[in-house]
Amino acid sequence: MLSIKKLHARVEGKEILKGINIEVKAGEIHAVMGPNGSGKSTLASVLAGNPKFEVTRGSIIFQDKDVLDMEPEDRSREGIFLSFQYPIEIPGVSMVNFMRAAVNEHRKYKGLEPITAGDFLRLMRDKREMLGMDKQLVSRSVNEGFSGGEKKRNEIFQMAMLNPKLSILDETDSGLDIDALRIVAAGVNKLRTPENATILITHYQRLLEYIKPDYVHVLHDGKIVRSAGPELALELEEKGYDWLAE
Amino acid sequence: MIEQQYIDLFQQYRSEIDSNSVNIMNEQRDAAFKTFKEIGFPTSKIEDYIHSDVSRAFDADLGLNIRDIPIPVNPYDTFKCDVPNLATNLHFLVNDRYYDNRNQIEGLPKGVYAGGMKEFAKLYPKIFKEHYGQGAEYSDNGLVAYNTMFVPDGFVLYLPKNTEVEKPIQLINILRGGVDLSVNRRILIIAEKNAKAKLLVCDHAIDDVHFVVTQVTEIFADETSVVDFYELEENSTKVTRLSSLFTEQQSQSHVIASNITLHNGYTRNNYRFKLQGEHAHATIGGLAIADKQQHVDNYAFLDHQMPNCTSNELFKYVLQERSTGVFCGKILVEKDAQKTLAYQTNRNLVTSPDAKMFAKPQLEIYADDVKCSHGLTTGHLDDEAMFYLQTRGIPEAEAKMLLMVAFTKDVLDLINIESLKERLEFLIDKRFRGELMRCGNCNVCK
Chain A
25 MLSIKKLHAR VEGKEILKGI NIEVKAGEIH AVMGPNGSGK STLASVLAGN
75 PKFEVTRGSI IFQDKDVLDM EPEDRSREGI FLSFQYPIEI PGVSMVNFMR
125 AAVNEHRKYK GLEPITAGDF LRLMRDKREM LGMDKQLVSR SVNEGFSGGE
175 KKRNEIFQMA MLNPKLSILD ETDSGLDIDA LRIVAAGVNK LRTPENATIL
225 ITHYQRLLEY IKPDYVHVLH DGKIVRSAGP ELALELEEKG YDWLAE
Chain B
4 MIEQQYIDLF QQYRSEIDSN SVNIMNEQRD AAFKTFKEIG FPTSKIEDYI
54 HSDVSRAFDA DLGLNIRDIP IPVNPYDTFK CDVPNLATNL HFLVNDRYYD
104 NRNQIEGLPK GVYAGGMKEF AKLYPKIFKE HYGQGAEYSD NGLVAYNTMF
154 VPDGFVLYLP KNTEVEKPIQ LINILRGGVD LSVNRRILII AEKNAKAKLL
204 VCDHAIDDVH FVVTQVTEIF ADETSVVDFY ELEENSTKVT RLSSLFTEQQ
254 SQSHVIASNI TLHNGYTRNN YRFKLQGEHA HATIGGLAIA DKQQHVDNYA
304 FLDHQMPNCT SNELFKYVLQ ERSTGVFCGK ILVEKDAQKT LAYQTNRNLV
354 TSPDAKMFAK PQLEIYADDV KCSHGLTTGH LDDEAMFYLQ TRGIPEAEAK
404 MLLMVAFTKD VLDLINIESL KERLEFLIDK RFRGELMRCG NCNVCK
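Protein sequence lines, in the order shown, are assigned to chains A and B. Each residue of the first sequence is one higher than the last, beginning at 25 in this note's numbering. Each residue of the second sequence is one higher than the last, beginning at 4 in this note's numbering.
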């Protein structure tokens, strides 16, 4: 589904990613772990097409298409979703209008008519209930005045609304208390199918107790220094990252 | 000298001007003329007009309809406003004259007058004389002096003590003409004790000639009265709108003035608010959306004269292409005006490298126990918000649109007519999409 090869990227002239290789197949969950500053969030931003980051070498192929040629909106409509580490507050844009615009853009891309008002409200309600989100939240402006946990839950809500093929969850566990973490993890697990895949970017092993990865990659100084099965996460929890850095 | 042709015209046609107006208005022309000869039109040499040399608009061959030649139009038949079905009470000023059609006016509480100014002067000469020209100072404002010299007619809303008009009243200013015109109109609102009403004024230019419009509005809000005064400008790019609004507020009154420049040519809106009684409250909102080479200048002067008054000002501009925005917000807190609360906010979104914004907050505080604040920002669209929207599949152009519409939202929140707010949201969206080139829904220009 996703093939990242020899990916190099920089921001403000500084090279952050120095040759990343990852292969993700449908149905798989990959965890990308690593210490602060290792390039985890840069990888997420580059996959989503953040214009602040410049890809200098390498390729990203998603479902046989070259992702690097695509605008962020096209990547989304092709099925890539990024759950932000720090979701953006957008005063004045209501969640309802935002989601309706997003859902309809996805439908347009597939050659479908805009969603009817009734279907849209039903979809919103179902996904909101699935994630145990307060009704009030979806009637407010996007992320405005949301708590840290509410913002993260809202990311997963949007993911549920757009039903992506590849979800990249960037530090979705940070800022969540244990109850919120359970709900968010349950939501991610419910959305899992044999056709879609997930990349979990996380600093801690905690999230991986709730969402079981098939592969764990350790990122250090812009390179993947180790890839293995889920047991690697436990080893990291025990030993930290330093032993891998050598 | 630009002024000379108007000075000559005034002297030459003085008797015609008078014969087509009413005595109380005529009585004030001489003094205004004297001032006008001294100060003339404002030019960019005056500090408050440094970015808006409004005198240039008059340096043209403009006609004045001094002889009151009828304009062939029945606005009730031909005109559909962009804000329809809002008011039961619909009035028209065609250029500078009230279009009389009494049949359309119904449902006003007893004693309330909404209609032509000349008519009002005849029906209520005492009340008219006590108010007309009493709020509009022209010693330092040549536009008001000029207006006072030539104005033939206008619109009056008179609310006797304790009356309340629940539904909004709508006044539509229509500009019509076959030649370039100088149009001078007047609006007078008198709210006696505890009276309440909402007036929506819409500006439309129908014909494709140049109009240079002066509008002078006086609002007298007596104790505990509430006056909502909303203006929506949807003019063609050939219109120069030069508006001066004066309010005098007594204790516990509330005046809400909100002005939306949706489409225009060249606009200067002057606001002069006087808080003359304790616990009076003023709300001033302004939203300007400009592109092409449009120019929007709002000059707001809030004068806190008495203690315990509050004021809240919010002006926002969205400037695209080669447009220019100007804002000056002056707050004067006089010596006796203790416990004043005055808030001023000016936020500007500039989406093109060729668009310009000039903004100046100006606070003069002579009392020591007050809270005043002002906030000013001018910037571009938030890159992070753009990216966030795009990662959800929303294309760049659409994301821009959503953010621009969102930017205007809190100005609309100052409007207390729910249906008007909704309609404006719709029109603003259309405006940003370029679907509102002249006056949207109006039949005449389609």
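Glycine included, each C-beta is placed from N, C-alpha and C at the ideal position.
For the beta strand (DSSP E) that residue i lies in, which residues bound it at each end?
i: Leu243 of chain A; result: Tyr239 to His244
i: Leu405 of chain B; result: Note, Leu405 of chain B: premise wrong, no beta strand (DSSP E); alpha helix (DSSP H) at Glu399 to Leu415.
i: Lys199 of chain B; result: Lys199 to Ala208
i: Lys374 of chain B; result: Lys374 to Gly382
i: Leu235 of chain B; result: Val229 to Glu237
i: Glu367 of chain B; result: Lys359 to Ile368
i: Phe330 of chain B; result: Thr327 to Val336
i: Met57 of chain A; result: Ile53 to Met57
i: Tyr102 of chain B; result: Arg100 to Tyr102
i: Ile248 of chain A; result: Lys247 to Ala252
Residues of chain A with CB under 9 angstroms from residue i, in chain order?
i: Glu401 of chain B; result: Glu97, Ala125 and Glu129
From the DSSP secondary-structure annotation, give me the bridge partner or partners of residue i.
i: Gly289 of chain B; result: B:Asn262 and B:Phe318
i: Val186 of chain B; result: B:Val216
i: Arg271 of chain B; result: B:Leu245 and B:Asp300
i: Asn311 of chain B; result: DSSP, once it has assigned bridges, lists no residue as partnering Asn311 of chain B.
i: Phe77 of chain A; result: A:Val35
i: Glu262 of chain A; result: Glu262 of chain A pairs with nothing; no bridge assigned.
i: Val154 of chain B; result: BP columns for Val154 of chain B are empty, so no partner.
i: Gly1 of chain B; result: Since the first residue shown for chain B is 4 and the last is 449, residue 1 of chain B is missing from the structure and cannot be characterised.
i: Thr354 of chain B; result: Answer by DSSP bridge pairing: none, since Thr354 of chain B is not bridged.
i: His257 of chain B; result: B:Val229 and B:His284
i: His94 of chain B; result: B:Leu174
i: Arg179 of chain B; result: Its beta-bridge partners do not exist; DSSP assigns none.
At which residues does the alpha helix (DSSP H) containing residue i begin and terminate?
i: Ala72 of chain A; result: Lys64 to Ala72
i: Asp169 of chain A; result: Just to set this straight, residue 169 of chain A is Gly in the shown sequence, not Asp. Element bounds for Gly169 of chain A: n/a, residue is neither H nor E.
i: Leu430 of chain B; result: Glu421 to Phe435
i: Tyr9 of chain B; result: Gln7 to Gln15
i: Ile27 of chain B; result: Asn26 to Asn29
i: Arg149 of chain A; result: Ala141 to Met154
i: Asn128 of chain A; result: Met119 to Tyr133
i: Arg99 of chain A; result: Pro96 to Glu102
i: Lys159 of chain A; result: Lys159 to Val162
i: Ile42 of chain B; result: Arg32 to Ile42
i: Ile130 of chain B; result: Pro128 to His134
i: Gln393 of chain B; result: Asp386 to Gln393
Given that residue i touches chain B, what residues does it touch there, using C-beta distances under 9 angstroms?
i: Val117 of chain A; result: Ala388, Leu392, Leu405, Leu406, Val408, Ala409 and Lys412
i: Phe108 of chain A; result: Tyr391 and Thr394
i: Gln182 of chain A; result: Arg395
i: Leu67 of chain A; result: Simply none; closest approach about 15 angstroms.
So with CB distances below 8 angstroms, who are the chain B contacts of residue i?
i: Lys101 of chain A; result: For clarity, residue 101 of chain A is Arg in the given sequence; the question names Lys instead. Correct list: Gly396.
i: Leu186 of chain A; result: Arg395 and Gly396
Interface residues of chain B around residue i at Cβ under 7 angstroms?
i: Ile112 of chain A; result: Glu387, Ala388 and Tyr391
Under 8 angstroms, do residue i and residue j count as touching if we go by C-beta distance?
i: Ser251 of chain A; j: Tyr239 of chain A; result: yes
i: Leu203 of chain B; j: Val299 of chain B; result: no
i: Gln279 of chain B; j: Ser246 of chain B; result: no
i: Leu417 of chain B; j: Leu384 of chain B; result: no
i: Glu401 of chain B; j: Ala125 of chain A; result: yes
i: Ile223 of chain A; j: His54 of chain A; result: yes
i: Ile192 of chain A; j: Ala68 of chain A; result: yes
i: Ala148 of chain B; j: Ile27 of chain B; result: no
i: Val212 of chain B; j: Pro163 of chain B; result: no
i: Glu226 of chain B; j: Gln253 of chain B; result: yes
i: Gln308 of chain B; j: Glu337 of chain B; result: yes
i: Ala200 of chain B; j: Leu160 of chain B; result: yes
i: Phe158 of chain B; j: Met120 of chain B; result: yes
i: Leu190 of chain A; j: His130 of chain A; result: no
i: Arg152 of chain A; j: Val162 of chain A; result: yes
i: Ile20 of chain B; j: Ile69 of chain B; result: yes
Would residue i pass as an interface residue toward chain C - the criterion being a Cβ-Cβ separation below 8 angstroms?
i: Asn74 of chain A; result: Among the chains of the structure shown, chain C does not appear; the protein chains present are A and B.
What I want to know is whether the C-beta of residue i ends up closer than 7 angstroms to one or more non-hydrogen atoms of the ligand ZN.
i: Tyr391 of chain B; result: This structure simply doesn't include the ligand ZN, nor any ligand for that matter.
| query | Which residue spans inside the segment 176-243 of chain A form an unbroken alpha helix (DSSP H) run of at least 4? | reply | 202-215
| field | Segments assigned alpha helix (DSSP H), at least 4 residues, entirely inside the segment 54-84 of chain B | value | 78-81
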